[in-house]
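A quick write-up on the structure given underneath.
Chains as they are written, first to last, in my numbering: chain A, 225 to 337; chain B, 43 to 154.
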């Protein structure tokens, strides 16, 4: 089945630790995205990548880092510099950047205590 | 400024009722795209529809219909004869320049 996988579904970390969230897609899409969702809010864009070895900051990139070494994979690292990391993180992909519909993974709920 | 407003935070209906979810957007561009996504309790967002700014025709897909009115900057979503499986958070979004701008979502609860 084609789609986007994110693992794990739930993740718990202690404050001060970096943590990496996984996102893999087998849709052969060029573009990939990371969003953050907080209760009662819409999705906010953290980073996006148009193509392998390229990525751009979104609206709330501070305290996060990404890499895009393979077309299928776009991992997100939440660093200790992120002041409020507890949130639901969603990865998405689209055939290209632009107005094309984005397809989402099931999300990772990160809790930092 | 680009913005999407979903004023209805939560709506509760009984099965078989019709329900309309409102979406109002702001943009200065003449070319833009509007989207609706559904987020069921499992968490992933499911794409429902995309509409470009030049196509104001209403669209119907089964029990779902969308009313796009540029004059009022609205892109409302109606579910006819709602079902319990329609319970979810629904997001309206605007694509402008280089990214999707999401509204805050409307939580729809359909009771049997």
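Backbone N, C-alpha and C define an ideal beta-carbon position, used for all residues, glycine too.
In this text, all values refer to a predicted model and were calculated from it rather than measured experimentally.
message: Which residue marks the beginning of the beta strand (DSSP E) containing residue 69 of chain B, and which one marks its end?
response: Run containing residue 69 of chain B: none; DSSP gives neither H nor E here.
query: So is residue 57 of chain B in contact with chain A if we call contact Cβ pairs under 8 Å?
result: no
- request: At 4 residues or longer, and completely inside the segment 81-113 of chain B: list those alpha helix (DSSP H) runs for me, N to C.
  value: none
- request: For residue 257 of chain A, I'd like the list of residues in its chain whose CB is within less than 6 Å of its CB, leaving aside the five on either flank, ordered along the chain.
  value: 272, 316
- prompt: Is it the case that the Cβ atoms of residue 145 of chain B and residue 135 of chain B are separated by a distance below 8 Å?
  reply: yes
- prompt: Where residue 127 of chain B and residue 331 of chain A are concerned, what is the direct C-alpha to C-alpha distance, given to the nearest angstrom?
  reply: 20 Å
query: Is residue 127 of chain B helix, strand or coil by DSSP?
result: helix
query: How would you call residue 320 of chain A, buried or exposed, if buried means at least 16 neighbouring beta carbons within 10 angstroms?
result: exposed
- prompt: With distances taken between CB atoms, is the gap from residue 230 of chain A to residue 255 of chain A smaller than 8 Å?
  reply: no
task: Check whether the Cβ of residue 327 of chain A lies closer than 8 Å to any Cβ atom in chain B.
output: yes
field: 7 Å CB neighbourhood of residue 296 of chain A in its chain, flanking five on each side removed
entry: 248, 249, 250
- request: Identify the continuous beta strand (DSSP E) that holds residue 320 of chain A and give its terminal residues.
  value: Residue 320 of chain A -> no beta strand (DSSP E), and no H or E assigned at all.
- prompt: Are the C-beta atoms of residue 45 of chain B and some chain A residue less than 8 Å apart?
  reply: no
field: Residues bridged to residue 327 of chain A [DSSP beta-bridge criterion]
entry: A/317
field: Rounded separation between residue 265 of chain A and residue 70 of chain B - CA only
entry: 23 Å
- request: Would you mind telling me which residues of chain B sit closer than 7 Å to residue 264 of chain A, beta carbon to beta carbon, in chain order?
  value: 146
- prompt: Do the segment 82-93 of chain B and the segment 48-58 of chain B make contact, defined as three or more Cβ pairs closer than 8 Å?
  reply: no
query: Name the chain B residues whose beta carbon is nearer than 9 Å to that of residue 330 of chain A?
result: 84, 85, 86
- prompt: Do the CB positions of residue 395 of chain A and residue 313 of chain A come within less than 8 Å of each other?
  reply: Summary: the structure shown does not reach residue 395 of chain A, with chain A confined to residues 225 through 337, and so no result is reported for it.
field: Environment of residue 103 of chain B [buried if 16+ CB atoms lie within 10 Å]
entry: exposed
- request: Output yes or no for whether 8 Å exceeds the beta carbon distance between residue 279 of chain A and residue 260 of chain A.
  value: no
task: Would you please state the rounded distance, in angstroms, between the beta carbons of residue 58 of chain B and residue 124 of chain B? I believe it to be under 8 Å.
output: 7 Å
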